[in-house]
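In this note's numbering, the protein residues as written are 7 to 81.
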């Protein structure tokens with residue numbers, strides 16, 4: 007059986023669904039914006055872009071500049 011969205015298309019659809027889910031949970035009051043920011047910070051800290059764990063400052067910057075707008079639609 008083949009996947010309906012193979013490769014890069016699958017990753018893009020997964021991200022769209024994840025972002026929509028997070029926005030819906032915030033809208034319904036299940037998660038607060040601060041909850042989402044904390045989750046994003048924890049995930050950003052685990053990213054290994056340069057061979058080691060992100061520093062807190064680099065993770066905060068990534069969250070503020072890239073992830074919060076993508077997940078919450080605002081800074």
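C-beta: ideal position from N, C-alpha, C; glycine also.
query: Buried or exposed: where does residue 21 fall if 16 or more other Cβ atoms within 10 Å of its Cβ makes it buried?; result: exposed
query: Output the distance between the C-alpha atoms of residue 38 and residue 68, rounded to the nearest integer angstrom.; result: 19 Å
query: With distances taken between CB atoms, is the gap from residue 34 to residue 74 smaller than 8 Å?; result: no
query: Between residue 28 and residue 63, what straight-line distance do the alpha-carbon atoms span, to the nearest angstrom?; result: 24 Å
query: Consult DSSP for residue 53 and reduce its assignment to one of helix, strand or coil.; result: coil
query: Alpha carbon to alpha carbon, how far is residue 76 from residue 19? Give it in angstroms, no decimals.; result: 14 Å
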